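There are 2 protein chains.
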Amino acid sequence: MPKFLREIKHPAMSIQSWIAKMTEEEPTCVPVKSFFLSSKNRFVFLTIPADKRLNMTALSRFTGVSRPPFRVVRAEKYEEVLGVKLSTISLHTALDRHVELKVPFQFLFDDSFRAADAKPLIACPSSEGSGSLIYTLSSILEGVTEVDKDFMKKGFFAAVESETVAAPPAAEPSEEISRLDLSMKGTSYSKLGIEVTKEDNFVEWYVEVLKKAELLEYYDVSGCYILRPWGYAIWEIVKDWFDARIKAMGVENCYFPILITKAALQREVNHIDGFAPEVAWVTKSGDCEFAEPIAIRPTSETAMYPTFAKWIRSHRDLPLKLNQWSNVLRWEFSHPTPFIRSREFLWQEGHTAWETAEEATREALEILELYRELYEKMLAVPVVKGRKTDKERFPGADTTWSVEALITQPGRGCQAATSHFLGQNFARMFEIEFENANRERQHVYQNSWGFTTRSIGIMIMTHSDSKGLVLPPRVGKIQIVIVPCGMSTKTTPEEKENLMKFTAAVNAELCAEGVRSHVDSRTNVSVGWKFNHWELKGVPLRLEVGPKELVAQALPVAVRYTGEKEMVQRSDFARNVRLLLDSVHDKMLACARSRNDERTKLVHSWESFNDVLREKGFPLAPHCGGKSCEEYIKAQSAELSRERAAEDKNAPSMGAKSLCVPLDQPSERLPDRCISPVCENTPLSFTLFGRSY
Amino acid sequence: MPKFLREIKHPAMSIQSWIAKMTEEEPTCVPVKSFFLSSKNRFVFLTIPADKRLNMTALSRFTGVSRPPFRVVRAEKYEEVLGVKLSTISLHTALDRHVELKVPFQFLFDDSFRAADAKPLIACPSSEGSGSLIYTLSSILEGVTEVDKDFMKKGFFAAVESETVAAPPAAEPSEEISRLDLSMKGTSYSKLGIEVTKEDNFVEWYVEVLKKAELLEYYDVSGCYILRPWGYAIWEIVKDWFDARIKAMGVENCYFPILITKAALQREVNHIDGFAPEVAWVTKSGDCEFAEPIAIRPTSETAMYPTFAKWIRSHRDLPLKLNQWSNVLRWEFSHPTPFIRSREFLWQEGHTAWETAEEATREALEILELYRELYEKMLAVPVVKGRKTDKERFPGADTTWSVEALITQPGRGCQAATSHFLGQNFARMFEIEFENANRERQHVYQNSWGFTTRSIGIMIMTHSDSKGLVLPPRVGKIQIVIVPCGMSTKTTPEEKENLMKFTAAVNAELCAEGVRSHVDSRTNVSVGWKFNHWELKGVPLRLEVGPKELVAQALPVAVRYTGEKEMVQRSDFARNVRLLLDSVHDKMLACARSRNDERTKLVHSWESFNDVLREKGFPLAPHCGGKSCEEYIKAQSAELSRERAAEDKNAPSMGAKSLCVPLDQPSERLPDRCISPVCENTPLSFTLFGRSY
Ligand SMILES: [Zn+2]
Ligand SMILES: [Zn+2]
């Protein structure tokens, strides 16, 4: 066991401050960070310079372990996995406690330490997290060699990313390196088709669909994604639909700045409590530091409401109904999932102010209904309208309503849109007052409501299949693709020209009827390639036109969703196609609804609650609405899941939380007991529970 | 003169670092900052805690000076104004050099110093800027009392904003507190109409129009503005127009993240040199600092092009034509002007990649033409198409083309949109290569092009008048407002109902014809109030309908732009209104064009160049295109302007820069000499010069 040169006592701090402190204390030292990583039964202890970012792809390549990828062992698991209780994993710990650690592991170092003669000192945290230790690099390497005699030959590789990007503090690396990100970055998708099935590996399937249907591209800031034209077009279509509807309700669009002062952001205390850890802060421009950091909006209540207080004077200024389409940033550290949970996302946020609570509530529920229509009529995704429990309510709201989608394949619920009645909470904090008709001053009642690009992810997860994306017809940028077929070397130029004229004519008919049609007339790819391509991209209908279709009474249209071919009458063709698109939409919605219904089970006992969960279902259970009761349910259901996971590796180990209290309650009488076996409170409603995103 | 307790030597640093340093050196001290402010002949020397933000409104209230508002004396002017050369203004300077300073001034302190017994130490910069000085507060207050015996009675007021927001370092306060911001914040606009004329005070007129037409609202982050629905609607209309046109050209919309890693941002060296000082950096989320700061996009070349390199493999992947509608941040310290120069703005940015330079150039010029149409056909603003000189080119581009608007009232040019041919500069840096038809690898050629919400500001400045906003018909959210008139206490309910039916019918006719019409049927405001209101908001046409119009052959329509009333035939009314809207558009464009033409003068001598400038005109002058020659012209024309400003206080003192080299060159032969009197180079073209935004 190597001896350290010097111990420096200090409190816990961010990794950046720690690096600065170490470099101040020992100017020539290299501060290092270490990761305890595991993949099944393989464990490695990897050390890299603390200011660098771990390159998981390089690790995978170096060790030959790609599936399951290496994951960071979380601090909460140290005792379970390593057999000893530790507050910090550090190089010191690994060398000091090596014999106590129950797992056999391999020491690995970044290449920079092999040739690090110029900087022979290393700084690492002490085991207790109460300070740091300075070692010579040579003593460390000798210490490791004692444990592993081949180490100097096999223990080094280029383990860091060449460009460093933002990383969370070393204490939580596991959060940063999510499974999805890795499975994406570590794999090259050279083949055209989807290589895993939705049933076998939902997560990888989803990522493959996103990539191969060209919906989304990964980006070098973790948790941020590029929306490619094929994905962005879906957003444009639902945006236009929703925008027209809220304008018809008298809502006006506007734009508030993306930056929010610290003072404004912190004014509503429950609100900031909810968002504080996720807020990204701008602290400088160029090299010039700001006196006070400025927040990037996680949502715009606190940007807008100071101005509402200026604009609203009299009851004649009410209602005030504003909306904006914008981007927001929420710096979440839990698993980013493209579309579903990303650090930046696009959304609309409506903000309205009213004279009475009744008017505000009415609007909040009208908007909720509009969200249901958006999902069901546009995206063909059935949703459950409901009210959020106290535990799941928006920070600062009196009531939060939501529409919830059920992703049946993994058995997880997903909040699809929310509509909040804020009551007078923000009005009091931001002093938004008006003089009512009786010349009394009073606070306004407010709503805020929003849906995001998450809607695209929900749609993809709901409908797509193992051949790729399946677009619900109404959100397809292309609803029908026309592929000229049946040409060979024998086809004469005249025949070709006739075919092209025919496809152009059919295309024009379709466009005139308002059908979004496209002719794929490329000559550098085969007909088969085109079929695969448009199938992968999920275009709802494909019309195949060969020489014999020129005179046919009906044309063959392949339906992406069913995989079947329909013969569509040539006369009134465009109208028939429109009807076919509608019927595909209806089928997709009905089919998704029946999947949801199968998985949603009314339960009365704690045992059946957990049975439903185990079957990736959604228990609808009598519940008291209590926050602590809900926490108990989540923790206990997670515990039971973990026990089962020990038997069956594929079983999920997440607990259930409440998705919503459905507005449409079962006709059955509410039982006397809350679903929680230890709860003494009377149930208030049937509440929909489930694992969730 | 009070004695300081202690001197601390240190280099110049940001105000935040300085506060931290002072607090470390003297934990109980209050670091202070001071401002030398003037309004006409009144000077005050104001000291506040360094971590607070000066409240100019409070100063205005306390001193009774509101117009012209107090402005910070800029460091460059210290010698001129104060009579002594100083590198820093500090409390120490003011007390030490009091007798030398030629202006009589009043010492003022923030209220917190009156009752500051608990923290009796003050830290302020030394006069030379080489360090800081620690004083006891009491010695300071005694020192000031020696100079001004009433000081303890009259020298304190609450001078800081209750909420501190981001401020630039103390060295540049003058930049932060721009004239526009102050004139806005310090004034309340209670009256309905515009109180200054466009001719008398252009800057205040502009701000009044923005506020009173409800286009824009100020915000508590300096340089960021709220786009209100009336202003945002203009953006929506031009956006939809442009979006449809680029889609017709095959451009697809997408969305790239707002965050850019430092590594990506810095990859093209000329590009980052151009943007570095303006980039805002996110450095933490919640309390957690990032290992590396992340940039907020000032433009997206560096966010997009690493991915272009992934997507583009073969010549079949080209051209790649993407566009995004997004927000960007450029942290400029020079005078923010709403719409025209703001720190956050909305824009579209097109990014395309091509096989050959010819194709790319052709597209860049097609887009330039589209921008001209956008301005001329939608906003009725005539623009000059041209090429930017080397000095004014986009950082990283081979060629920048632009359309330039001329704001004739203040005599300033304004870059209205740009289209850049980037050549292979970014392709080389980001390794964007493809295999051409001959199977050779080569770099792509690229364009980027954009226009912003600045277009709205240009439109307002061009057309609006001293009665408020004047909307060009095609961008009016409301093109015609119908105001029921002529009702009195004698009007029967039946007559009222008939009138309402009639207005509803006319409104429906107009909407059916595609005219954006609105009936103002409010009963709680008078007809006169409505007339003023819609005039202020710039609605192009106003139809007045009283009982006698129900049977009339023609209806009276007031034209906002001319202030005249036209009688429009009742039969085919909607079509006639559409024609009237078009003719108003044409008139507005023609009138603005003739103003531009009057101010644009072909010049051959340096003297006439400056004469044209003095008359707020735009000299079109033979020029060699040289960068240093252009810098000389700017500096010299500024010098001449300053000399004139000394005679005439209203004369502007800004120098002229090149706006563009117009594509449409005068038919006249180019002279032999460059316009600069000291330049020996041969002129290459007639170049349009002017003062500019
Ligand atoms: Zn309970
Ligand atoms: Zn010259």
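Residue numbers (the numbering used here), protein chains in the order written: chain A, -11 to 681; chain B, -11 to 681.
Positions of the beta carbon are idealized from the N, C-alpha and C atoms, including for glycine.
Given the structure is predicted, the values throughout are model-derived calculations rather than measurements.
- A distance of 7 Å or more separates the beta carbons of I468 (chain B) and L524 (chain B).
- In the structure shown, the three-state DSSP call for L394 (chain B) is strand.
- For ligand 1, no non-hydrogen atom lies closer than 6 Å to the CB of G643 (chain A).
- Annotation: the stretch 423 to 482 of chain B contains the following complete segments of the beta strand (DSSP E) (minimum length 3 residues), in chain order: 429 to 431, 433 to 440, 468 to 472.
- When beta bridges are read from the DSSP output, H339 (chain A) appears opposite A:L310, A:S436.
- Per DSSP, the beta bridge partners of A546 (chain B) are B:R530, B:K553.
- Residues of chain A whose Cβ lies closer than 8 Å to the Cβ of P245 (chain B) are, in chain order, Y207, V209, C212, Y213, I214, E332.
- For A264 (chain B), the nearest CB of chain A lies under 7 Å from its own CB, placing it at the interface with that chain.
- Residue-level contact check: E240 (chain A) touches chain B, since one or more beta carbons of chain B fall below 7 Å from its beta carbon.
- Nearest CB-CB separation between T76 (chain B) and chain A: not below the 7 Å threshold.
- Listed along the chain, the chain A residues whose CB falls inside 8 Å of the CB of T35 (chain B) amount to none; the nearest CB is some 16 Å away.
- In this structure, DSSP gives A385 (chain B) a state outside helix and strand, which the three-state scheme calls coil.
- The stretch 210 to 228 of chain B makes no contact with the stretch 419 to 435 of chain B; the number of CB pairs closer than 8 Å stays below 3.
- Remark: C-beta atoms of M576 (chain B) and A368 (chain B) approach each other more closely than 7 Å.
- Using a cutoff of 6 Å, the CB of C612 (chain A) counts as near ligand 1, since one of the ligand's heavy atoms is closer than that.
- Set against 6 Å, the gap from the CB of S664 (chain B) to the closest heavy atom of ligand 2 is smaller.
- Taking the beta carbon of Y293 (chain A) as reference, no residue of chain B falls within 7 Å; the closest one sits roughly 12 Å away.
- Scanning its chain for C-beta atoms nearer than 7 Å, with the 5 sequence neighbours on each side dropped, one finds around L334 (chain B) the residues W223, N315, T440, T441, in chain order.
- Ligand 1 approaches N669 (chain A) closely enough that one of its heavy atoms is under 6 Å from the residue's Cβ.
- At a cut-off of 7 Å between beta-carbon atoms, S273 (chain A) makes contact with chain B.
- The three-state reading of DSSP puts D231 (chain B) in helix, counting H, G and I together.
- Shown here is that no member of the stretch 136 to 147 of chain A has a Cβ falling below 7 Å from a Cβ of chain B.
- Scanning its chain for C-beta atoms nearer than 7 Å, with the 5 sequence neighbours on each side dropped, one finds around M10 (chain B) the residues C17, P19, A111, S120, in chain order.
- For R679 (chain A), the closest C-alpha among the options A:V600, A:T477, A:L672 is that of A:V600.
- Of the residues A:E13, A:P(-10), A:M449, the one whose Cα lies closest to the Cα of K(-3) (chain A) is A:E13.
- Distances from the alpha-carbon of P37 (chain A) to those of A:L25, A:D98, A:K(-9), A:P(-10) put A:D98 closest.
- The Cβ atoms of C648 (chain A) and S390 (chain A) lie closer than 7 Å to each other.
- By the criterion of a C-beta distance shorter than 8 Å, G262 (chain B) is surrounded in its chain by F382, P383, G384, once the five residues flanking it on both sides are discounted.
- Here DSSP, grouped into helix, strand and coil, assigns G119 (chain A) to strand.
- Within chain A, the residues R304 have their CB atoms less than 8 Å from the CB of N512 (chain B), given in chain order.
- Residue-level contact check: W229 (chain B) does not touch chain A, since none of the beta carbons of chain A fall below 7 Å from its beta carbon.
- Contacts between A268 (chain B) and chain A, judged by CB atoms closer than 7 Å, involve V270, S273 in chain order.
- Interface residue (Cβ-Cβ distance to chain B less than 7 Å): A341 (chain A) is not classified as such.
- Contact annotation for N669 (chain A) against chain B: no contact, minimum CB-CB distance about 34 Å [criterion: below 9 Å].
- At least 7 Å separates the beta-carbon of Y220 (chain A) from that of C402 (chain A).
- Going by beta carbons, R41 (chain B) and I122 (chain B) fall outside the 7 Å limit.
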